[in-house]
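Structure, as structure tokens:
Residue numbers (the working numbering): 1 to 418.
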């Protein structure tokens, strides 16, 4: 039996970081941690300033809509681009654009601009940059590690995103309370420079030699969708992502600021702490999932994660006690990491290299369409009925979604041999 087989037969917690032994992936991982932590500085500052200017959940939802819908619009172009061009070069260009936009936000706030429509417009441009960056980022992970390390690398990549959810809002709460939102925007801009400099040290990558370059990007995207429709596993992944995006996407970006202002009546620091629990929950569950998740059927992980999402939201919405809300968000964070990692890994293992960028772009598009759609609906509902009522209903909807996937047998499509 090979050394790799022996290691797989005796999973240990140390297996959770095996992909970090690969130097290039390790550099990329730590740069991503810095950048995404900076992103959450902006992620906490953006709803904060929107609510400060308008005192409206509808406006907060609109700002999220403006941020994410452009990501969905550019998806049909970003996916084929990630298959046809160097993913490293795409990321280099996007990091410069995103850094410029983040610094622009800081300058706007410092110069006294308090018109919400201007910040909504800036969010649109920021969303376009993210729309091109995210498919390339997801696919680039597969360029940096051998296939044997892919599941671990994807899990670590998800852990990095969620560790940033823990670090960024915690730091952001302090920055908001002590320095103000402009400094949070500036910190995000600096974090993009970290990724840019790291990418310069990584090896140049070439696009897949099997990628089709004869058709237009829209035609290639259509071919990617035609392929995805023939794969029940991929379509189940998209369906699960739809549930999470529409039902749970608005939780952090829209509802938490409303809970802080109207339910918990807490400080900026406690706002940051509440948001950070989402990431802390993910970080806590990630080592276990990385080391032992392969021993559990992926269908069970998928259904269980949706149940966890629902239970966490129900706990958050059922009380005005701040620390119970902390526990609820912690549970949601655990559930999101399990769902995202399980689905991401399943898709990455299932799709062939020539369509990887397009399949992952469509997966991301589900979030970038579903989350703003949920936000633009749930924001006004929260203004009318209160955030607790809306989140409570969404929690029960998650339980129904889990039941649908289980009874229909769709979750079983995740159980294929690698």
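Glycine included, every Cβ here is placed at the ideal spot set by N, Cα and C.
Treat the numbers as computed from the prediction; the structure is a model and nothing was measured.
Selected residue, minimal CA-CA separation from residue i, among the options
i	options	result
residue 121	59, 256, 325	59
residue 283	230, 334, 153	334
residue 318	265, 276, 261, 388	388
residue 202	89, 107, 236, 300	89
residue 182	374, 298, 42	42
residue 323	305, 374, 266	266
residue 199	399, 35, 329, 354	35
residue 85	357, 184, 414	357
residue 38	99, 320, 87, 104	99
residue 133	253, 72, 305	72
residue 83	62, 102, 139	139
residue 225	397, 405, 398, 75	75
residue 412	297, 61, 91, 125	297
residue 346	294, 327, 255	294
residue 341	276, 33, 61, 160	160
residue 19	256, 148, 396	148
residue 81	145, 137, 107, 348	137
residue 68	23, 109, 373	373
residue 353	227, 50, 92, 364	227
residue 336	355, 393, 350, 398	398
residue 49	21, 33, 105, 194	105
residue 174	292, 393, 273	273
residue 93	109, 348, 192	192
residue 405	348, 377, 384, 239	239
residue 277	316, 291, 292	316
residue 325	348, 363, 364, 252	252
residue 52	119, 186, 123, 364	119
residue 186	47, 109, 384	109
residue 17	292, 364, 384	292
Span of the alpha helix (DSSP H), counted from its first residue to its last, around residue i
i	result
residue 70	57-84
residue 414	Note, residue 414: premise wrong, no alpha helix (DSSP H); not H, not E.
residue 423	In this structure the chain extends from 1 to 418, so residue 423 is not present and cannot be described.
residue 148	Per DSSP, residue 148 belongs to no alpha helix (DSSP H) and is neither H nor E.
residue 327	322-350
residue 355	Run containing residue 355: none; DSSP gives neither H nor E here.
residue 95	87-110
residue 233	232-243
residue 36	23-54
residue 269	268-292
residue 251	Looking at the DSSP string, residue 251 is not in any alpha helix (DSSP H), and its letter there is neither H nor E.
residue 312	298-317
residue 221	217-229
Residue i vs residue j beta-carbon contact at 7 Å
i	j	result
residue 135	residue 361	yes
residue 370	residue 221	no
residue 379	residue 57	yes
residue 439	residue 157	Outside the shown range of the chain (1 to 418) lies residue 439, about which nothing can therefore be said.
residue 281	residue 330	yes
residue 260	residue 271	yes
residue 189	residue 102	yes
residue 95	residue 25	no
residue 299	residue 162	no
residue 258	residue 382	yes
residue 77	residue 375	no
residue 279	residue 165	yes
residue 289	residue 275	no
residue 366	residue 184	no
residue 313	residue 386	no
residue 54	residue 143	no
residue 327	residue 269	no
residue 391	residue 320	no
residue 359	residue 351	yes
residue 237	residue 343	yes
residue 332	residue 61	no
residue 145	residue 22	yes
residue 219	residue 123	no
Heavy atom of the ligand NAD within 6 Å of residue i beta-carbon
i	result
residue 77	With respect to the ligand NAD, the structure shown offers nothing to examine, as it has no ligands at all.
Count the C-beta pairs between the segment 17-29 and the segment 141-161 that are closer than 8 Å, then say yes if the count reaches three, no if not.
Touching, per the Cβ criterion.
Is there contact here, the segment 228-238 with the segment 104-117, by at least three beta-carbon pairs under 8 Å?
Touching, no.
Whether or not the segment 33-50 and the segment 165-179 are in contact is what I'm after, with contact meaning three or more pairs of Cβ atoms, one per stretch, closer than 8 Å; do they touch?
Output reads yes: the segment 33-50 touches the segment 165-179.
Contact between the segment 306-316 and the segment 237-249 (3+ Cβ pairs under 8 Å)
Taking a cut-off of 8 Å for Cβ pairs, the segment 306-316 and the segment 237-249 touch, as three or more such pairs fall below it.
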